[in-house]
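**Student:**
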Amino acid sequence: MTDREPTWLPAGSRADLAAEGALVVSGPRGAIAVFDTPEGPRALSDTCTHGQASLCEGWVEDGTVECPAHLAVFSLRTGQALSGPATEPATAYRVEVRGDTVGVLLDATGPEGAG
Numbered sequence: 693m694t695d696r697e698p699t700w701l702p703a704g705s706r707a708d709l710a711a712e713g714a715l716v717v718s719g720p721r722g723a724i725a726v727f728d729t730p731e732g733p734r735a736l737s738d739t740c741t742h743g744q745a746s747l748c749e750g751w752v753e754d755g756t757v758e759c760p761a762h763l764a765v766f767s768l769r770t771g772q773a774l775s776g777p778a779t780e781p782a783t784a785y786r787v788e789v790r791g792d793t794v795g796v797l798l799d800a801t802g803p804e805g806a807g
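Basically the working numbering = 1-based index in the sequence shown + 692.
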């Protein structure tokens, strides 16, 4: 078994993320939303696990994002569904800033919690 470095998927500039509040990048398994938070950028799969709405369009507050369709709330750190109607977590991705560019780390074995 060989250890592979995670793939870094650029999402946009830090300035664009700060201006927009969230950016969406196309990942190998679907869209990924990158959010600007006081704790630094966070990333989740963009599709709500309940209603298929874009989480990028949701309300971000206190380390969470609220789905704009049915108000499910997800942790931006772990992807855990914190309130219904969603019961399944969103996939959380690690984020890395390189220079002025924010990117998502795609692990060789799949997404890993966030940090």
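Beta carbons are placed, not taken as given, at the ideal position from N, Cα and C, and that holds for glycine.
Taking the alpha helix (DSSP H) that residue 709 belongs to, which residues open and close that run?
**Tutor:** That run of the alpha helix (DSSP H) goes 706-712.
**Student:** Does DSSP put residue 747 in a helix, in a strand, or in coil?
**Tutor:** Residue 747 falls in the helix class under three-state DSSP.
**Student:** For residue 721, which beta-bridge partners are listed by DSSP?
**Tutor:** Paired residues: none, contrary to the question.
**Student:** With C-beta atoms as the reference, is residue 701 less than 7 Å away from residue 796?
**Tutor:** The answer is yes: Cβ separation under 7 Å.
**Student:** Looking only at DSSP bridge pairs, what is residue 753 linked to?
**Tutor:** In DSSP, residue 753 forms a bridge with 756.
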